Each structure stands twice: as structure tokens, then as C-alpha cells.
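Using the numbering used here, the first residue of the sequence shown is number 18, and each one after it goes up by one. Ideal placement from N, C-alpha and C gives every residue a C-beta, glycine not left out. Just so we're clear, the structure is a prediction, and the values are computed from it rather than from any experiment. First the structure, in the form of C-alpha cells, and then the observations on it.
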Amino acid sequence: MRCLIPTTGWYEWQDNGTHKQPYYHHINHDLFYFAGLANNQGCLIVTKEANKDIKQIHHRQPVLLTQNEGDHWLNNEDQLDSELDDLVEYYPVSTKVNSPKNNSPELIQPL
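So, in C-alpha cells, the structure goes:
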């Protein structure tokens with residue numbers, strides 16, 4: 018079953034060879050949606066090949082949707098390209114995000 022996962026951003030890690038640097042990705046810190054699939058056991062985020070900007074951080078990215086695009090997704094229309102793809106901004110953040118013990122708004126602050 019298709020679903021929408023509300024979000025204001027996500028992390029991806031860039032492998033620099035010696036360590037992995039986390040980057041926070043967002044769209045003006047506004048609410049948007051990931052395309053998802055769900056069943057009785059949980060859900061997953063649908064991904065696709067990263068756009069040209071995000072590709073320098075990671076080879077894949079979530080499928081991003083506006084509310085209107087999300088309505089199409091929920092009606093079983095393939096909606097893998099979004100007007101949001103070109104609006105994504107990102108910046109490096111602290112490696113404190115690597116530990117699930119850490120959970121605070123400071124984790125999305127730029128380095």
C-alpha cells in the first residue's frame with residue numbers, strides 16, 4: 018500500500034574516504050513528503066537516483082512530493098519526479114547525528 022511520510026528534511030552521508038560526513042537536506046525547512054510503501058510490519062521510503070546536485074553527496078535520494086503530488090502518488094499514479102527536486106538545499110552537520118542517543122534541534126545546525 019502506498020503512503021506519504023511527512024518530513025522537513027533528511028540526512029545523507031558523504032564518504033570522504035577517511036570518514037563519512039553527514040549532510041542535512043531540506044526545502045526551506047518547510048513540510049513536504051516522502052513517497053512511501055507500507056504494510057502491517059512497517060513502511061519504507063521510496064528512493065531514486067539522486068539529482069545532479071545531491072549526487073555529489075550520495076547516489077540516491079528519497080522521492081520527494083508536494084501535497085498535490087502526494088495525492089497523485091496515493092491514487093497509484095507514478096510520481097517519481099517532483100518540482101521539489103530542484104529546491105533541495107543541504108549543508109554539513111555534526112557527526113553527533115550518528116548516535117541515536119542524540120536527539121535535539123541543534124543536530125540540524127550547519128557546521
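Pro79 (DSSP reduced to helix, strand or coil): Against the sequence shown, residue 79 aligns to sequence position 62. Of the three classes helix, strand and coil, the one that applies to Pro79 here is strand, per DSSP.
For Glu66, the residue or residues it bridges with in DSSP: Counted from its first residue, the sequence shown places residue 66 at position 49. The partner list for Glu66 (beta bridge, DSSP) reads Arg77.
DSSP three-state assignment for Asp32, whether helix, strand or coil: For the purposes of this step, residue 32 is taken as the residue at position 15 of the sequence shown. Reduced to three states, the DSSP call for Asp32 is strand.
Alpha-carbon spacing of Glu78 relative to Ile71, whole angstroms: Here residue 78 corresponds to residue number 61 of the sequence shown, with the count starting at 1. Here residue 71 corresponds to residue number 54 of the sequence shown, with the count starting at 1. The identity of residue 78 in the sequence shown is Gln, whereas the question assumes Glu. Between Gln78 and Ile71, the C-alpha separation is close to 8 Å.
Option in Leu91, Asn57, Ile74 with minimal Cα separation from Gly34: Working through the sequence shown from its first residue, we reach residue 34 at position 17. In terms of CA proximity to Gly34, Ile74 leads the group Leu91, Asn57, Ile74.
Endpoints, beta strand (DSSP E) assigned at Gly53: Mapped onto the sequence shown, residue 53 falls at position 36. That run of the beta strand (DSSP E) goes 49 to 56.
Three CB pairs or more closer than 8 Å across the region 92 to 109 and the region 42 to 51: yes
As assigned by DSSP and simplified to three states, the class of His89: As a first step, residue 89 must be located in the sequence shown, where it is residue number 72. In this structure, His89 counts as helix in the three-state DSSP scheme.
Where Thr24 falls: helix, strand or coil (DSSP): Locating residue 24 in the sequence shown gives position 7, where the first residue counts as 1. Three-state result, Thr24: strand.
Sub-8 Å separation of Ala52 and Val80 beta-carbons: Here residue 52 refers to the residue found at position 35 of the sequence shown. Here residue 80 refers to the residue found at position 63 of the sequence shown. Yes, these two residues count as a Cβ contact at 8 Å.
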